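To start, the structure itself, in structure tokens.
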Amino acid sequence: MSVAEEVKAKIDIVDLIAAEVPLKRSGSTYKAPCPFHAEKTPSFIVNPDRQTWHCFGACSEGGDVFSWEMKRNSIDFREALQRLAQRAGVQLRPRTDEQVRRDEQRQLLLRANDAALHYWRNQLQDASTGRDAQDYLRERGISAESAQKFNLGLSGSEPDALVHHLSARGVHLDDAVAAGLILKTDSGARDRFRDRLMFPIRNARGETVGFGGRTLIGEPAKYVNTPESDLFRKRDLLYGFDLARSAIRDAGSVIIVEGYTDVISAHEFGSPNAVASMGTALTETQIGLIKPLATDVRLALDPDAAGQAAARRGIDTAREAIGAEQQVATDFLKVGALQNQLTNDIRIIPLPEGRDPDDLIRSEPELWRTLVETAPTFLDWLVDHARGQHDLDTPRGRADFLDELMPTVRTIGHAVVREEYLRRVAAWARVDPDSLLSRYAPPSSRSRGGGTVVTASPRRHVDRQQSFIVQLALGYESARDALELGHVELIEDSEDRAILTARLSADDDSWADDLTDSQDRIAQQLRDAKRLPPYSDAEAAEATLDALARIQRKRSKEGLRLKNLEIGEQERELGVDELARAAAQLEHADACDPDLVEAAASVVQARDEARRLHQVSSTSTA
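Residue 258 in numbering that gives the first Met the number 0 is what sits at position 259 of the sequence shown, and the numbering runs on without skipping anything.
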């Protein structure tokens with residue numbers, strides 16, 4: 000039994016929640032007004048049999064004792080585990096000296112960054128030192144509220160102002176240097192950032208891990224960032240992600256732009272699910288951050304040549320990291336990721352020539368919203384882009400058009416989608432679709448020199464969230480601590496289920512020895528686990544719990560859908576009276592299941608409507 004399992008076994012969720020929320024018994028469950036939002040009708044359900052809680056109201060939150068402790072106290076999984084373990088009298092595993100040393104050093108760097116953030120923020124807000132920068136923000140249309148929300152700051156012109164401030168705050172010079180705030184020179188220590196508008200860059204937990212500084216005096220280096228370190232890896236971060244995470248989850252969609260001000264403008268004008276890649280191309284790690292949250296990815300990159308190239312690279316990366324279970328080449332035009340393997344919808348927001356998101360959002364917010372809502376799929380965008388690049392009135396142009404598109408179109412796995420794009424491409428090229436299939440054979444092997452794609456293996460019908468849980472368990476001990484052996488039953492794929500069972504049941508590297516028939520799948524899942532974002536222990540545990548909740552919600556919805564189909568069939572075969580009896584059974588059969596409470600209400604409503612229609616029909620007949 001894992002530590003997390005032992006803690007859960009010793010803590011009753013009703014006792015835990017009742018200590019803070021006045022619960023009222025209702026059949027086999029307990030209910031109360033949700034403590035996380037205002038409401039008159041109680042929608043907060045605690046199920047003692049399942050040891051779960053769920054709000055069926057506005058917030059739709061739910062989970063177990065750990066998720067309750069995390070949500071109620073705004074803490075991460077590690078702290079929740081520590082608190083509940085102490086409550087349950089469970090001894091946690093001791094941390095190694097190296098783990099303690101790394102964590103202590105990390106905290107020192109974060110402390111240095113926080114001290115710099117507060118200093119620079121005060122410099123910007125000061126009426127005298129921040130006047131010019133405030134004027135610049137007003138000219139750019141950035142409100143004081145947005146500046147405060149994103150903690151914008153100002154580094155002054157003095158060469159060692161921050162050096163003295165950090166020293167006065169007890170920050171050691173070596174820590175300030177390691178954090179990338181200070182430079183050591185032959186003449187002494189000096190500030191790295193001077194005369195710049197400062198953009199704090201935070202990780203998913205809201206910790207300030209670095210900064211981006213925009214020049215205010217026309218220096219050649221328009222932007223300067225914190226240098227790469229163990230704490231700050233730009234390729235692993237998305238600017239604004241900590242602020243956008245809830246909006247991304249709620250919308251199931253993310254807008255990826257390029258720069259800091261693009262994100263700030265998007266949030267200010269109604270797109271709080273926007274984040275920035277802070278560069279010219281997306282990385283797998285950045286995509287991994289949004290993978291558990293969004294089923295819809297929209298790229299809004301600059302329409303110039305560099306932006307078009309970045310969009311191509313971004314789509315390539317996104318398709319690999321989000322949904323493709325084969326390995327693909329780095330050449331975008333030969334991505335070959337099967338369309339039916341994509342669990343996420345990737346779209347391109349086509350920006351007008353010469354406009355970047357920041358400019359467009361502020362000057363024409365309605366146009367921006369329209370472009371976001373009507374963004375074409377990446378395949379549509381690719382076809383349109385290729386049409387614009389080649390003269391389709393000439394044989395040579397049509398041949399080049401086909402050579403650019405067909406390696407991608409040919410490898411779309413979904414037959415209906417493939418045939419549709421094949422028809423479109425053939426029409427533009429003025430050729431017979433059948434001739435294209437024979438001419439452009441699917442790639443059969445990876446060429447070490449030419450960069451062609453690997454032959455697509457038969458698709459494994461594996462749920463994305465289920466596979467994600469297996470990868471987390473392989474890569475993170477805290478994810479394994481958050482899992483119970485009973486969770487294995489949520490994994491539908493037999494090989495993944497066996498892998499997860501073996502990994503949760505063993506404490507050493509011999510866990511895979513007995514899975515002789517699953518070595519290929521183990522190797523693939525281990526590779527994918529290495530491509531996950533560099534989660535902290537708490538983030539890995541939180542991601543695991545979130546994925547579990549999504550799987551359970553999906554199962555509940557599917558069960559309700561099947562029940563509704565069953566009732567609908569009864570109505571057709573047996574009539575309204577039988578439908579009424581079925582609804583009554585559903586209302587009382589399993590009152591302890593909060594997922595069915597909502598279903599019962601909808602069935603009762605359907606029953607009443609059916610009765611009304613039946614009465615109208617009878618009256619009309621009479």
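Just so it is clear, CB atoms sit at the ideal spot from N, CA and C, and this is done for glycine as well.
Since we're looking at a predicted model, the values are computed, not measured.
Going by DSSP, residue 396 is part of no beta strand (DSSP E) but of the alpha helix (DSSP H) stretching over 394-408.
DSSP links residue 197 through a beta bridge to 152 and 212. Beta bridge pairing from DSSP links residue 7 with no other residue.
When beta bridges are read from the DSSP output, residue 253 appears opposite 296. Residues 471, 472, 539, 540 and 543 of the same chain have their beta carbon placed closer than 7 Å to that of residue 478, with the five preceding and five following residues left out of the count. DSSP links residue 222 through a beta bridge to 213. For the 8 Å CB-CB criterion, residue 469 and residue 421 do not form a contact. Inclusion of residue 53 and residue 118 in the CB contact set at 8 Å is not warranted, their separation being larger than that value. Apart from sequence neighbours up to five positions away, the residues of its chain that approach residue 494 with a beta-carbon distance below 7 Å are 517 and 520, ordered along the chain. DSSP places residue 141 in no alpha helix (DSSP H); its state is neither H nor E. Around residue 241, the same chain offers 201, 202, 203, 204 and 205 as residues with beta carbons nearer than 8 Å, after the five sequence neighbours per side are excluded. Collapsing the DSSP output to three states places residue 175 in a helix. Between the alpha carbons of residue 107 and residue 144 lies a distance of about 29 Å.
The continuous stretches of beta strand (DSSP E) do not include residue 232, and DSSP gives it neither H nor E. Around the CB of residue 529, fewer than 16 other CB atoms lie within 10 Å, so the residue is classed as exposed.
DSSP, read as helix, strand or coil, puts residue 43 in strand. Annotation: the continuous beta strand (DSSP E) that includes residue 181 extends over 181-184. With a cutoff of 8 Å on beta-carbon distance, residue 152 and residue 122 are scored as near each other. Per DSSP, residue 190 is one residue of the beta strand (DSSP E) stretching across 187-190. Here residue 255 is not near residue 288, since their CB atoms are 8 Å or more apart. The beta carbons of residue 503 and residue 482 sit closer together than 8 Å. Distance from residue 385 to residue 366 at the Cβ level is roughly 25 Å; contact not present, criterion being Cβ atoms closer than 8 Å.
DSSP places residue 30 in the strand class (E or B) of the three-state scheme.
In the DSSP secondary-structure assignment, residue 62 is bridged to 52. Shown here for residue 360: same chain residues with a beta carbon closer than 7 Å to its own, the five before and five after excluded, namely 264, 265, 268 and 367 in chain order.
Cα atoms of residue 272 and residue 25: separation of roughly 38 Å, rounded to the nearest angstrom. Residue 23 is bridged by DSSP to 30. DSSP places residue 247 in the helix class (H, G or I) of the three-state scheme. Sorting 229, 70, 127 and 552 by C-alpha distance to the C-alpha of residue 101 places 229 at the top. Membership of residue 275 in the beta strand (DSSP E) is indicated by the continuous run 273-275. Distance from the CA atom of residue 235 to the CA atom of residue 296, rounded to whole angstroms, is 17 Å. By the Cβ criterion, the segment 90-98 is not in contact with the segment 63-79, since fewer than three pairs of Cβ atoms, one from each stretch, lie closer than 8 Å.
Under the three-state reduction of DSSP output, residue 101 falls in the helix class. Taking 8 Å as the cut-off, the beta carbon of residue 127 is found no closer than this to the beta carbon of residue 197. Beta-bridge annotation (DSSP): residue 347 is paired with 298.
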